[in-house]
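To keep things clear, I will list the structure first and then write my remarks on it.
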Amino acid sequence: MRHTITHLSIGVLGILAAVTIGCQGSSNIVGPEAKLPGSPDSAEFLDRTSSQKFVTENQAMRGMLLLLDGKDNVKTFAQRVGDLRGRGIICPRWDCSANRPLTKGKLAYMVYQACEIPGGVTLLIAGPSRRYCLRELQFRSIISPGAGSTPVSGIEYVAVISRGAAYMETGNVPQTMKVKWSR
Numbered sequence: 007m008r009h010t011i012t013h014l015s016i017g018v019l020g021i022l023a024a025v026t027i028g029c030q031g032s033s034n035i036v037g038p039e040a041k042l043p044g045s046p047d048s049a050e051f052l053d054r055t056s057s058q059k060f061v062t063e064n065q066a067m068r069g070m071l072l073l074l075d076g077k078d079n080v081k082t083f084a085q086r087v088g089d090l091r092g093r094g095i096i097c098p099r100w101d102c103s104a105n106r107p108l109t110k111g112k113l114a115y116m117v118y119q120a121c122e123i124p125g126g127v128t129l130l131i132a133g134p135s136r137r138y139c140l141r142e143l144q145f146r147s148i149i150s151p152g153a154g155s156t157p158v159s160g161i162e163y164v165a166v167i168s169r170g171a172a173y174m175e176t177g178n179v180p181q182t183m184k185v186k187w188s189r
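When you line the sequence shown up against the working numbering, it's residues 7 to 189, in that order.
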């Protein structure tokens, strides 16, 4: 019995550490007055984004607002960050930088939160973190394999957002849209 309690205690401490690590940062916003891309049309935005080598946090957050609202009417990057923080789409403690490349971990967290995807046991106990949201979205074939610190290419971003939109509309991702990879 004592052995079981010790293992349970270690497990709980590990989960608490994961929560602390998963949503860390000091809530700085770099480039709050960054110029926002023109044209509020989502098709043009996705077309332009798909050809980029990597997606910036500014572009990613714009895409999240388009996913959630079908439009993005904010004037500055700081307003965009504030809006998404207020909705729980981005962690309140994250540092945000308009021109920094988006990572898979941040994208997974934002899509997980925006789509209200039910998580596994770890997510239920520990709460969302970049690491566990990434694992959940990889398990559901919404995002491709890779480390959470990997920059997201434009084409991958558009694919993940499209899968997120399909999930929001139907409650699942159609088989034809899922990431194809061997586990």
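Just so it is clear, CB atoms sit at the ideal spot from N, CA and C, and this is done for glycine as well.
Exercise for review: Measure the C-alpha to C-alpha separation of G125 and K112 and round it to an integer number of angstroms.
Suggested key: 16 Å
Point to revise | Inter-residue Cα distance where the pair is L73 and R146 | key: The alpha-carbon separation between L73 and R146 amounts to approximately 19 Å.
Check your understanding: Got a sec? Which residues, its chain only, sit under 7 Å from R169 by beta carbon, not counting five neighbours each side?
Key -> I148, V179, M183
Review point. Are the stretch 159 to 166 and the stretch 123 to 138 touching, with three or more C-beta to C-beta distances below 8 Å?
Key: Taking a cut-off of 8 Å for Cβ pairs, the stretch 159 to 166 and the stretch 123 to 138 do not touch, as fewer than three such pairs fall below it.
Review point. Since M116 is in the alpha helix (DSSP H), which residue starts that stretch and which ends it?
Key: 110 to 121
Check your understanding: Three-state secondary structure (DSSP) at C1?
Key -> Outside the modelled stretch of the chain, which goes from 7 to 189, sits residue 1, for which no answer is possible.
Review point. What is the DSSP secondary structure of T82, counted as helix, strand or coil?
Key: coil
Review point. Do you know offhand how far Q181's Cα is from P98's?
Key: 34 Å
Exercise for review: Would you please state the rounded distance, in angstroms, between the beta carbons of G154 and T109? I believe it to be under 8 Å.
Suggested key: 6 Å
Review point. If A172 and L140 are in contact, beta carbons under 8 Å, what's the gap, nearest whole angstrom?
Key: The pair is not a contact, with the Cβ atoms about 19 Å apart (cut-off 8 Å).
Practice item. If I'm right that C121 touches E63 with Cβ under 8 Å, what's the distance once you round it to whole angstroms? Key: Not confirmed; about 19 Å, so no contact.
Review point. Measuring CA to CA, which of Q65, R136, A49 is closest to F83?
Key: Q65
Practice item. Can you tell me which of the three DSSP states T182 falls into? Key: helix
Check your understanding: Among residues of its own chain, excluding the 5 on either side of S57, which ones have a beta-carbon nearer than 8 Å to its beta-carbon?
Key -> Counting only Cβ-Cβ distances below 8 Å, and skipping sequence neighbours, we find G160, I161.
Exercise for review: Identify which residue in M67, D78, G76, P107 has its Cα closest to the Cα of I96.
Suggested key: M67
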